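Going line by line, the protein sequences match chains A and B.
Heads up: the first sequence is residues 1 to 378, going by this note's numbering.
Heads up: the second sequence is residues 1 to 165, going by this note's numbering.
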Amino acid sequence: MENSSSAAPKPAPFRPDSVAGRLYGWVDERLDVGSLLALGMKKRVPEHQHSFWYYWGGITLFFFLVMCFSGVLLLLYYRPGESSHESVRQITYDVKFGWLIRSAHSWGATLMIASAFVHMFSAYFMKAYRKPREFGWWSGVVLFVLLLVFGFSGYLLPMDELSYFATKVGLAIPQVIPGLGPWISDMIRGGPEIGSYTVSRFFALHVVILPALFVPLMVFHLVLVQKHGMSIPESEEKKPIAERRTVPFFPNFAMKDLAMWLIALNVLALLAALFPWGLGDAADALKPAPLDIHPEWYFMSSFETLKLFGQFISGEFGEFFGLFVFTLGLVLWTLIPLFDGESKAGVRGRLATYFGLLVLAILVVTTIIGYAVLPAVH
Amino acid sequence: MSEIVENPPHPEPDDEAIPGPLERRAFIKVAAAALGACYAGAIGYPVYRYLASPIEQAASVGAVNEVTLPDALNLPKNAALLFKFGSAPAMLIHHEDDTWTALSAVCTHLGCTPQYEPAEKRIFCPCHGGVYDPRTGGNISGPPPKPLTLYLVEITDGKLVVRRS
Numbered sequence: 001m002e003n004s005s006s007a008a009p010k011p012a013p014f015r016p017d018s019v020a021g022r023l024y025g026w027v028d029e030r031l032d033v034g035s036l037l038a039l040g041m042k043k044r045v046p047e048h049q050h051s052f053w054y055y056w057g058g059i060t061l062f063f064f065l066v067m068c069f070s071g072v073l074l075l076l077y078y079r080p081g082e083s084s085h086e087s088v089r090q091i092t093y094d095v096k097f098g099w100l101i102r103s104a105h106s107w108g109a110t111l112m113i114a115s116a117f118v119h120m121f122s123a124y125f126m127k128a129y130r131k132p133r134e135f136g137w138w139s140g141v142v143l144f145v146l147l148l149v150f151g152f153s154g155y156l157l158p159m160d161e162l163s164y165f166a167t168k169v170g171l172a173i174p175q176v177i178p179g180l181g182p183w184i185s186d187m188i189r190g191g192p193e194i195g196s197y198t199v200s201r202f203f204a205l206h207v208v209i210l211p212a213l214f215v216p217l218m219v220f221h222l223v224l225v226q227k228h229g230m231s232i233p234e235s236e237e238k239k240p241i242a243e244r245r246t247v248p249f250f251p252n253f254a255m256k257d258l259a260m261w262l263i264a265l266n267v268l269a270l271l272a273a274l275f276p277w278g279l280g281d282a283a284d285a286l287k288p289a290p291l292d293i294h295p296e297w298y299f300m301s302s303f304e305t306l307k308l309f310g311q312f313i314s315g316e317f318g319e320f321f322g323l324f325v326f327t328l329g330l331v332l333w334t335l336i337p338l339f340d341g342e343s344k345a346g347v348r349g350r351l352a353t354y355f356g357l358l359v360l361a362i363l364v365v366t367t368i369i370g371y372a373v374l375p376a377v378h
Numbered sequence: 001m002s003e004i005v006e007n008p009p010h011p012e013p014d015d016e017a018i019p020g021p022l023e024r025r026a027f028i029k030v031a032a033a034a035l036g037a038c039y040a041g042a043i044g045y046p047v048y049r050y051l052a053s054p055i056e057q058a059a060s061v062g063a064v065n066e067v068t069l070p071d072a073l074n075l076p077k078n079a080a081l082l083f084k085f086g087s088a089p090a091m092l093i094h095h096e097d098d099t100w101t102a103l104s105a106v107c108t109h110l111g112c113t114p115q116y117e118p119a120e121k122r123i124f125c126p127c128h129g130g131v132y133d134p135r136t137g138g139n140i141s142g143p144p145p146k147p148l149t150l151y152l153v154e155i156t157d158g159k160l161v162v163r164r165s
């Protein structure tokens with residue numbers, strides 16, 4: 001099983017004289033499915049003590065498929081514009097199982113961003129960004145940013161109180177950019193205030209523009225993984241090649257991947273069914289912001305960091321300074337393959353690890369502070 | 001799923017009592033298929049109900065047996081008005097002899113909404129030229145295969161009520 005000769009015979013997944021086998025043979029003669037299957041059996045995936053992290057890209061992909069499926073279903077009843085809140089109310093309370101579809105979409109968003117976080121940080125700490133995989137890292141970072149924009153734009157669509165104010169706060173941030181700031185915010189909002197034009201813009205962004213950018217980039221990202229193979233961590237690189245273990249992609253790794261997808265599906269189903277996503281009152285511009293106003297968890301860190309900066313540096317400059325620090329951090333994060341390109345556990349390699357740990361610590365601590373200081377409102 | 005061809009049936013002759021590898025493989029196959037069917041059902045059923053929801057709602061709206069038309073008595077003679085009977089359009093005609101006819105306004109050919117033509121005293125469907133009798137709903141000419149469904153009209157206490165017959 002360990003030996004895979006280069007001229008392997010074509011795999012036959014069904015008995016050739018059975019109905020399935022004859023159907024398969026008919027399709028294979030025309031589309032050459034067999035060579036694809038042979039490729040999957042020839043391709044090998046490294047196996048070592050950190051292999052667990054290899055599954056998180058696949059889990060993120062699974063949640064993406066869940067988002068596409070549940071998103072298309074929501075599209076059937078959602079109406080952007082003036083009646084956005086009413087249509088989400090109908091989906092949640094009137095349409096059969098609408099609450100479940102919507103809950104799966106909202107929980108799916110949370111789980112997808114969470115698994116993308118794990119995937120990105122595990123790739124970072126295993127130094128999977130090093131030559132020749134720089135473009136894999138860069139496409140991944142852009143995909144992650146697009147994912148956050150997906151989350152931000154989708155959050156407004158129900159147009160309830162919380163999403164209204166969260167978006168209001170979020171869109172006030174670019175306003176501190178000198179010169180162009182107010183213009184940028186107005187263009188995103190479609191006016192000086194958040195209203196039905198903003199919902200329509202966010203809707204177009206969420207269901208057309210972002211997918212049109214995301215899907216080709218994701219394909220590029222996946223093609224690169226096929227091209228370069230899995231990256232192995234430094235601990236594994238030190239071993240002689242004869243001691244490194246691998247398993248065939250098909251069926252061994254694919255079956256474990258499938259098992260992970262099933263676990264992911266079960267977690268999603270439990271969360272969506274047991275903790276249905278709520279819907280607040282319709283947004284009202286004349287009502288004050290709720291006391292426990294806060295963004296989704298994946299923006300909590302930046303929300304709290306901006307608040308902390310605002311306490312030390314007063315006025316608009318504090319916001320601007322916070323935005324500047326975020327941008328700088330993201331640029332450094334993106335360019336890490338250039339700083340830590342070829343080092344093999346050298347000083348530069350360790351510096352990159354410390355930088356990663358620092359980023360992770362800041363994200364975790366500010367998120368915890370953010371939730372800790374929320375006033376308890378019942 | 002993939003390796004039947006590579007593994008010929010177990011050669012040992014005395015494996016009837018003890019389940020051999022082939023039985024285990026067959027069992028796992030059946031169990032996996034059953035589990036897959038459970039998942040497909042658990043996802044498919046809510047999705048089906050979600051998609052079918054408006055149809056169920058329309059069915060409950062359409063399940064009416066009578067409609068009261070308060071302003072219908074103001075309708076001039078030799079004129080018609082369209083109203084909703086459940087979820088489908090229907091037509092009320094006030095004839096010149098002061099009698100009333102109510103019938104379905106869904107053409108039996110391909111479902112267009114026909115109109116009453118006072119000058120011709122006929123119901124005409126412009127889509128494919130179907131013609132119906134305004135008193136009986138009978139299909140007179142053109143492609144309609146069946147007459148329009150007739151409803152009962154009752155006038156009590158100055159109110160006009162249309163009922164399913």
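From the three backbone atoms N, C-alpha and C, an ideal C-beta is built for every residue, glycine too.
All of these numbers come straight from a predicted model, not from anything done at the bench.
- Three or more Cβ pairs drawn from the stretch 91-102 of chain B and the stretch 151-160 of chain B lie within less than 8 Å of each other, which places the two stretches in contact.
- Spanning the alpha carbons of A/Q175 and A/G181 requires a straight line of approximately 4 Å.
- Here B/A88 carries a strand assignment [DSSP, helix/strand/coil].
- Counting C-beta pairs closer than 8 Å gives fewer than three between the stretch 261-270 of chain A and the stretch 325-333 of chain A, which falls short of the contact rule.
- Between A/G98 and A/Y77 the beta-carbon gap is near 7 Å, inside 8 Å, which marks them as a contact.
- A/L360 is positioned such that its CB atom lies no closer than 8 Å to that of A/F144.
- DSSP, read as helix, strand or coil, puts A/R102 in helix.
- Interface flag for B/V47 against chain A is set, since a Cβ pair is found closer than 8 Å.
- The C-beta distance from A/V199 to A/M159 rounds to 6 Å, short enough to fall under 8 Å.
- Within the stretch 100-158 of chain A, the complete alpha helix (DSSP H) segments at least 4 residues long are 134-156, listed from N- to C-terminus.
- For the stretch 85-107 of chain A, the beta-carbon criterion of a distance under 7 Å to any beta-carbon of chain B is satisfied by V95, K96, F97, G98, L100, I101.
- Taking a beta-carbon distance threshold of 8 Å, A/L73 counts as an interface residue toward chain B.
- In this structure the stretch 128-142 of chain A does not lie against the stretch 64-72 of chain A, because fewer than three pairs of beta carbons, one per stretch, are closer than 8 Å.
- Contact between A/I91 and A/L74 holds, with the beta-carbon distance rounding to 7 Å and staying under 8 Å.
- Measuring C-alpha to C-alpha distances from A/P11 to each of A/S18, A/F150, A/F250 identifies A/F250 as the nearest.
- Spanning the alpha carbons of A/A254 and A/V141 requires a straight line of approximately 25 Å.
- Residues of chain A with a Cβ closer than 7 Å to the Cβ of B/Y50 are, in chain order, L73, V95, K96, F97, G98, I101.
- In this structure, the CA atom of A/L338 is about 25 Å from the CA atom of A/S115.
- By the rule that beta-carbons nearer than 8 Å mark a contact, B/S87 does not touch chain A.
- When beta bridges are read from the DSSP output, A/P46 appears opposite A/T246.
- Burial state of A/R22 is exposed, judged by a 10 Å Cβ sphere holding fewer than 16 other Cβ atoms.
- At a cut-off of 8 Å between C-beta atoms, B/S60 does not count as an interface residue with respect to chain A.
- Shortest Cα-Cα distance from B/I93 to any of B/L148, B/R49, B/Y116, B/L69 involves B/Y116.
- Counting only residues of its own chain and dropping the five nearest sequence neighbours on each side, A/A285 has a CB closer than 7 Å to the CB of E193.
- Linking A/V208 to B/H95 through their CA atoms gives a straight-line distance of about 55 Å.
- By the neighbour-count criterion, in which 16 or more other beta carbons inside 10 Å mark a residue as buried, A/T60 falls on the buried side.
- Judged by their CB atoms, A/L39 and A/G136 are not nearer to each other than the 8 Å cut-off.
- As a beta-bridge residue in DSSP terms, B/Y132 pairs with B/I123, B/N139.
- In summary, B/C125 is buried, with 16 or more beta-carbon neighbours lying within 10 Å of its beta-carbon over all protein chains present.
- About 6 Å separates the CB atoms of A/I313 and A/F321; that is less than 8 Å, so the two are in contact.
- Against B/S53, the close residues of chain A are Y77, D94, V95, K96, F97, G98, in the order they occur along the chain (beta-carbon pairs closer than 9 Å).
- Rounded to whole angstroms, the Cβ separation of A/F52 and A/M112 is 19 Å, and the two are not in contact under 8 Å.
- Linking B/E120 to B/Y132 through their CA atoms gives a straight-line distance of about 11 Å.
- Under the 8 Å Cβ criterion, the stretch 233-253 of chain A counts as touching the stretch 27-45 of chain A, having at least three qualifying pairs.
- With three or more CB-CB distances shorter than 8 Å, the stretch 83-90 of chain B counts as touching the stretch 52-64 of chain B.
- Rounded to the nearest angstrom, the Cβ distance from A/I293 to A/F165 is 5 Å, consistent with a contact under 8 Å.
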